[in-house]
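The next block holds one structure in the form of structure tokens; read it before the comments.
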Amino acid sequence: MTETSEKYLVAIFQSVSHVISAERILKNARVPHKVIPVPRKISSDCGVCIRFLPEHREIVENTLREKDESFDIRAL
Amino acid sequence: MPEIVNAKGLACPQPVLLTKKALEDHSDVDVLVDNAIAVENVKRFAANAGWAVEVTDESGGIFRIHLKKQDETAADNRESECISCADNARSAASGPSVFVIVSDTMGKGSDELGTILMKSFIHTAIDLEDGPDVMIFYNSGVKLAVEGSDVLDDLKKIEGKGVKILVCGTCANYFSLTDRVAVGIISNMYDIADTLSRAGHIVQP
Numbered sequence: 003m004t005e006t007s008e009k010y011l012v013a014i015f016q017s018v019s020h021v022i023s024a025e026r027i028l029k030n031a032r033v034p035h036k037v038i039p040v041p042r043k044i045s046s047d048c049g050v051c052i053r054f055l056p057e058h059r060e061i062v063e064n065t066l067r068e069k070d071e072s073f074d075i076r077a078l
Numbered sequence: 742m743p744e745i746v747n748a749k750g751l752a753c754p755q756p757v758l759l760t761k762k763a764l765e766d767h768s769d770v771d772v773l774v775d776n777a778i779a780v781e782n783v784k785r786f787a788a789n790a791g792w793a794v795e796v797t798d799e800s801g802g803i804f805r806i807h808l809k810k811q812d813e814t815a816a817d818n819r820e821s822e823c824i825s826c827a828d829n830a831r832s833a834a835s836g837p838s839v840f841v842i843v844s845d846t847m848g849k850g851s852d853e854l855g856t857i858l859m860k861s862f863i864h865t866a867i868d869l870e871d872g873p874d875v876m877i878f879y880n881s882g883v884k885l886a887v888e889g890s891d892v893l894d895d896l897k898k899i900e901g902k903g904v905k906i907l908v909c910g911t912c913a914n915y916f917s918l919t920d921r922v923a924v925g926i927i928s929n930m931y932d933i934a935d936t937l938s939r940a941g942h943i944v945q946p
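Residue numbers (our numbering), protein chains in the order written: chain U, 3 to 78; chain R, 742 to 946.
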């Protein structure tokens with residue numbers, strides 16, 4: 003893991019339960035990702051989000067949309 | 742002639758116990774052990790006590806750990822190095838900051854939520870301003886330090902920053918994970934209790 007944080011994207015969800023469910027979906031689909039706290043610059047809420055590399059954006063979006071998960075994607 | 746301690750075939754913590762006893766009465770000791778964990782445990786114990794340590798790989802899977810008492814001057818130097826290498830006043834004044842990870846989840850109520858929280862905590866610990874000097878993993882906490890753990894990359898980063906990571910050997914053994922521990926050193930209750938008792942402060946998420 004030599005990537006700097008600027009290179010990542012994060013998917014933000016409406017609730018922790020949605021993050022847990024999205025994590026399960028991405029794990030089952032073997033899509034590389036990581037659960038991290040929502041960065042302070044994005045939100046001061048005590049939340050978690052899912053971080054991934056830009057090259058996985060399409061597969062993350064498609065995999066989650068298939069399961070009707072709604073989320074926003076932001077640059078980290 | 743060095744005093745010979747035969748700790749072959751003995752499991753943790755016997756080799757360390759026998760070594761400790763021998764060091765009380767002799768200044769030149771050879772400990773014979775037959776596994777890498779015993780080598781590490783004996784080495785660490787003796788080095789912490791200020792002894793010079795040298796390991797030779799004998800034939801037939803036997804290791805000879807040669808321990809020689811250092812003279813007072815060398816011991817004094819070691820002491821001052823220890824103080825000067827403490828990189829901030831807090832550590833020097835009051836002992837290291839120790840993070841204890843007692844479970845693979847954080848908090849009580851929901852393990853599903855607790856798993857997410859613990860991952861989040863470990864990730865955040867990488868860049869904490871007042872981060873740990875030592876992290877200790879015991880009970881189901883050891884599951885975080887093995888191959889396939891979601892936080893293994895984070896823990897390797899933390900270790901790369903110079904943080905000492907101790908993984909409870911008894912616990913890894915209990916969960917049949919000893920061969921899969923992938924970060925830190927497999928440790929024993931002597932090191933763990935010693936580290937906890939010397940801690941400046943303890944953080945338990």
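Even glycine gets a Cβ: it sits at the ideal position worked out from N, Cα and C. Remember, it's a predicted structure, so these values are computed and weren't measured experimentally.
Taking C-beta atoms as the reference points, U:Y10 and U:R53 count as a pair closer than 8 Å. Rounded to the nearest whole angstrom, the CA to CA distance from U:K36 to R:D935 is 34 Å. With respect to the 8 Å criterion, R:V843 and R:I943 are not classified as neighbours on the basis of their beta carbons.
R:K849 sits exposed, since fewer than 16 C-beta atoms from the chains shown fall within 10 Å of its C-beta. Ranked by Cα distance from R:G889, the first of U:H58, U:V12, U:V50, U:K29 is U:K29.
In the DSSP assignment, U:P39 falls outside any alpha helix (DSSP H) and lies within the beta strand (DSSP E) extending over 36-39. Under the Cβ distance rule, U:P39 counts among the residues neighbouring chain R, one pair being separated by less than 8 Å. Neighbours of R:E900 across chain U, judged by C-beta separation under 9 Å, do not exist; the nearest C-beta is about 13 Å away.
Straight through space, the alpha carbons of R:K762 and R:F862 are spaced by roughly 41 Å. Counting C-beta pairs with one atom in each stretch, the region 63-78 of chain U and the region 768-783 of chain R have fewer than three that are closer than 8 Å, which means they do not touch. Proximity of chain R to U:I22 at the Cβ level (cut-off 9 Å) is accounted for by E853, L854, T856, I857, in chain order. Taking a 10 Å sphere around the C-beta of R:A787, we find 16 or more other C-beta atoms and assign the residue as buried. Taken atom to atom, the span from the alpha-carbon of R:H864 to that of R:D895 is near 6 Å. Between the region 56-64 of chain U and the region 11-30 of chain U, the count of C-beta pairs closer than 8 Å reaches three or more; the two stretches touch. Chain U places no beta carbon closer than 8 Å to that of R:S800, leaving this residue out of the contacts. Under the three-state reduction of DSSP output, U:R32 falls in the coil class, being neither helix nor strand. Here DSSP, grouped into helix, strand and coil, assigns R:M876 to strand. With respect to R:G791, R:R939 sits apart: the two C-beta atoms are not nearer than 8 Å. With contacts defined as CB atoms closer than 8 Å, R:I867 and R:L907 fail to qualify as a contacting pair. U:V18 has a beta carbon lying within less than 8 Å of a beta carbon in chain R.
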